[in-house]
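Chemist: Got a structure for you, written out below as structure tokens; questions coming shortly.
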Amino acid sequence: MFLFLLLLSTPGIWSGVASAEYAPGKIETRNLEWEGSTRSFDVYRPSGEVPEGGLPVVFDFHGYSSSKEEQRQISGFLAQADSGNFLLVWAQGSGNPSAWNAGICCRPGVNDLGLVRAIVDRVASETAIDSARIYATG
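Numbering of the sequence shown is given in our numbering, commencing with residue 2 and proceeding in unit increments.
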């Protein structure tokens with residue numbers, strides 16, 4: 002997990018001008034073609050202004066056999082996103098039951114770290130994010 006967080010928080014990897022904006026105060030679903038399959042993720046942009054340096058990003062990952070929708074309901078981060086002025090991302094794991102690559106137990110060989118990096122790239126193309134403040138929980 003340390004390596005995962007380190008790779009997500011490396012400054013300067015994701016920068017650029019946003020080509021589109023997420024609607025403030027709304028959850029929007031996006032699909033991403035990744036290694037031969039369509040993966041989905043939801044994004045919530047807080048209702049406040051996007052700061053000059055971009056919004057911090059929090060990935061809120063679901064557990065084994067759960068879903069991005071269930072995680073959103075149980076984690077409580079949605080209620081904090083507006084007051085904390087951070088962007089929330091809920092990605093969907095793969096397979097049935099849904100899971101993340103956790104080594105030998107779950108989805109070995111699935112490049113979920115690469116998927117997360119691709120999601121960060123996609124989000125950064127749609128709104129300004131602070132590449133020094135990308136976090137993961139779940």
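We put the beta carbon where it would ideally sit given N, CA and C, even for glycine.
No experiment lies behind these values; they were computed from the predicted model shown.
Taking all protein chains shown into account, do 16 or more other C-beta atoms lie within 10 angstroms of the C-beta of A82, making it buried, or fewer, making it exposed?
Modeler: A82 should be labelled buried.
Chemist: If we ignore side chains and look at the alpha-carbon of each, how far apart do Y45 and C106 end up?
Modeler: Roughly 31 Å between the two C-alpha positions.
Chemist: Can you find at least 3 beta carbon pairs, one from the segment 71 to 80 and one from the segment 104 to 119, that sit closer than 8 Å?
Modeler: They do not touch, by the three-pair rule.
Chemist: In the DSSP output, which residue or residues are listed as bridge partners for A133?
Modeler: DSSP lists no partner for A133.
Chemist: In terms of DSSP beta bridges, what is R40 paired with?
Modeler: Looking at the DSSP assignment, R40 forms a beta bridge with L33.
Chemist: In the DSSP assignment, what residue or residues form a beta bridge with F60?
Modeler: Per DSSP, V90 and A137.
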